[in-house]
Each structure stands twice: as C-alpha cells, then as structure tokens.
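Chemist: Quick mapping for you: the protein sequence lines, in order, are chains D and U. Under the working numbering, the first residue of the first sequence carries the number 525, and numbering increases by one thereafter. Under the working numbering, the first residue of the second sequence carries the number 16, and numbering increases by one thereafter. The structure is given below, and queries will be raised subsequently.
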Amino acid sequence: GAVVSQHPSWVICKSGTSVKIECRSLDFQATTMFWYRQFPKQSLMLMATSNEGSKATYEQGVEKDKFLINHASLTLSTLTVTSAHPEDSSFYICSARTSGRYEQYFGPGTRLTVT
Amino acid sequence: QKEVEQNSGPLSVPEGAIASLNCTYSDRGSQSFFWYRQYSGKSPELIMSIYSNGDKEDGRFTAQLNKASQYVSLLIRDSQPSDSATYLCAGDRTLTDSWGKLQFGAGTQVVVTP
Chain D
525 GAVVSQHPSW
535 VICKSGTSVK
545 IECRSLDFQA
555 TTMFWYRQFP
565 KQSLMLMATS
575 NEGSKATYEQ
585 GVEKDKFLIN
595 HASLTLSTLT
605 VTSAHPEDSS
615 FYICSARTSG
625 RYEQYFGPGT
635 RLTVT
Chain U
16 QKEVEQNSGP
26 LSVPEGAIAS
36 LNCTYSDRGS
46 QSFFWYRQYS
56 GKSPELIMSI
66 YSNGDKEDGR
76 FTAQLNKASQ
86 YVSLLIRDSQ
96 PSDSATYLCA
106 GDRTLTDSWG
116 KLQFGAGTQV
126 VVTP
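Set out below in structure tokens:
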C-alpha cells in the first residue's frame, strides 16, 4: 500500500520551454501533496504544499508563477515548470499524505535537465 | 539553528554490526517522527515511524524516541551492504503548521563495509 507514482521519470527540455510533472497516489486518497527539489548531494527542499481543490502554498523564495501546481483530485497533483532555465535542472520529488496521518510517501522522482 | 539535526557522516559500519543514527529536534510541539532511507539518485523511502516515547522495533530496525530530551534514534542491526544509504530523520510541525509538513534533517550517510 501507499504507492505514489511520478511521470515522467526523467525529462530533457530546451531553455524557455515548459515541463509538466505528474504525481499520482495509486492506492490511497492524497489529501495533501508536497513538491520537493533536491540538488546533488544536498538536502530535500520543500517547494510547495497543495491540498485537493485549493491553491498551493509556496515556501519562501519559490516563485509561484514559475512553478505552477495544480491538485485537481485526491489522487493527482501536477507541477509545471514554466520557462525553464538550466538552473532549474534538478531532481523533483512529490510526496503525498492522507488525512489524519503524518507519514509522507514519496514518488520515485523526476530528473529534469534543461539545456 | 536547524530544527532537525543529524550528523552528516559518513558513518562507516562493518557488515553484521549495529549502525546507530541520532537525530535531535528543536520543536517541542512535534509529536510524530519518521526515518526515511534514500539511496543515491533515488527518492526517500519510509522505513519507520514513531509517535510515543520508547522503542519501536520492525525487523532489523529499532527506532527510539525521547521527547523530554528531544531525541530520536535509529538502530540498524546486522547491517548489510544494502543498508548503505542516506538516512533522513523527520518530525512533524503540528503546532505551527496544519498542512502536515515535515521538517527533515540533512541526513546521515551510512556506509556498510563487507
């Protein structure tokens, strides 16, 4: 149980284009989903938190117009990196939790390379 | 001051020995604590959760929580090379956040040597 999938697992895009990453909870209802970014050899950095049907809340320093998050249902959240630049190249990981529980279950991550 | 602190390591452990990982936290309101394992290039995987003071055992893993000392630990018995990974400690932020955010430590790298 508690499986979270992410798609795509890796993506290469050109500078200036947009990329959408999907995060799905496969066997539970994800009332809250989280998006993290992790650079090589660094800690997880929380970017934003989204509740189903609500606007996402972004951590300080994260540009909400650049990283668009949509939590359309209890099983799906998407992160769109708009006008991507090489410095956006990173490992993006989503996690999900269900109401009343604090455990977060992580997706396998998406490795984004912007050329 | 970081809210959740861990030694970065690497912690070198001979195969078959016990690996002992420690974590301290500053938020006295935290109630739930988690240990995640992260292999290089992969996402974190939940291996233990603990909510009450004392010990919790699951297979080769034992988590210990001492809320008075604001201390969480993880013991890995009979360490195997496959246990080589970075272990992340995390605590909730119940009193300051209603969204279920977790505060993660930077992680301790464990290297099990054959």
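Quick reminder that beta carbons are idealized off the backbone N, C-alpha and C, glycines included. Bear in mind the structure is a predicted one, so any value in this text is a computation, not a measurement.
1) Check whether the Cβ atoms of Gln530/D and Gly633/D sit closer than 8 Å, and answer yes or no.
2) In terms of alpha-carbon separation, which member of Ser567/D, Tyr629/D and Phe591/D lies closest to His609/D?
3) DSSP puts Pro29/U in a beta bridge; with which residues?
4) Evaluate Val87/U with the Cβ neighbour count: other Cβ atoms within 10 Å of its Cβ, from every protein chain shown; 16 or more gives buried, anything less gives exposed.
5) Could you please tell me which residues of the stretch 622-636 of chain D, in chain order, have their CB closer than 7 Å to any CB of chain U?
6) Which full runs of the beta strand (DSSP E) of 3+ residues lie inside the stretch 531-588 of chain D, going along the chain?
7) Quick one: is Ala580/D buried, meaning 16 or more other Cβ sit within 10 Å of its Cβ, or exposed?
8) Would you kindly work out how many angstroms separate the C-alpha atoms of Ala32/U and Gln95/U, rounded to a whole number?
9) Which same chain residues, not among the five before or five after Pro498/D, have their C-beta less than 6 Å away from its C-beta?
10) At a Cβ threshold of 8 Å, is Asn575/D touching chain U?
11) Looking at the C-beta of Trp50/U, does it have a partner C-beta in chain D at a distance below 8 Å?
12) Using beta-carbon positions only, say whether Thr128/U and Ser27/U come within less than 8 Å of one another.
13) For Leu570/D, which residues of its own chain have a beta-carbon under 8 Å away from its beta-carbon, when the five flanking residues on both sides are left out?
14) Hey, out of Leu636/D, Tyr616/D, Leu598/D and Thr573/D, whose CA is closest to Pro59/U's CA?
15) Report yes if the CB atom of Ser604/D is closer than 8 Å to the CB atom of Ser533/D, and no otherwise.
16) What's the C-alpha gap between Lys588/D and Asp70/U?
17) Residues bridged to Ser35/U by DSSP?
18) What is the residue span of the beta strand (DSSP E) that Asp107/U lies within?
19) Leaving aside the five residues before and after Thr606/D along the sequence, list all residues of the same chain whose C-beta is less than 8 Å from its C-beta, in chain order.
20) Between the alpha carbons of Asp42/U and Glu546/D, how many angstroms are there, rounded?
21) Would a check of beta-carbon distances place Ile617/D closer than 8 Å to chain U?
22) Could you give the residue range of the beta strand (DSSP E) that holds Val605/D?
Modeler: In short, the structure shows the following:
1) Contact annotation: Gln530/D and Gly633/D have beta-carbon atoms nearer than 8 Å.
2) Phe591/D
3) Thr128/U
4) buried
5) Tyr626, Glu627, Gln628, Tyr629, Phe630, Gly631, Pro632 and Gly633
6) 534-537, 543-549, 556-562 and 569-575
7) buried
8) Computed Cα separation, rounded: 9 Å.
9) Residue 498/D falls outside the range modelled here, since chain D spans only 525 to 639, and no answer is possible.
10) yes
11) no
12) yes
13) Phe558, Trp559, Tyr560 and Glu583
14) Tyr616/D
15) The displayed chain sequence assigns Thr, not Ser, to residue 604/D. Contact flag unset, no.
16) 41 Å
17) Leu90/U
18) Ala100 to Asp107
19) Same-chain partners within the cutoff: Ser542, Asp589, Lys590, Phe591 and Leu592.
20) 33 Å
21) yes
22) Leu600 to Val605
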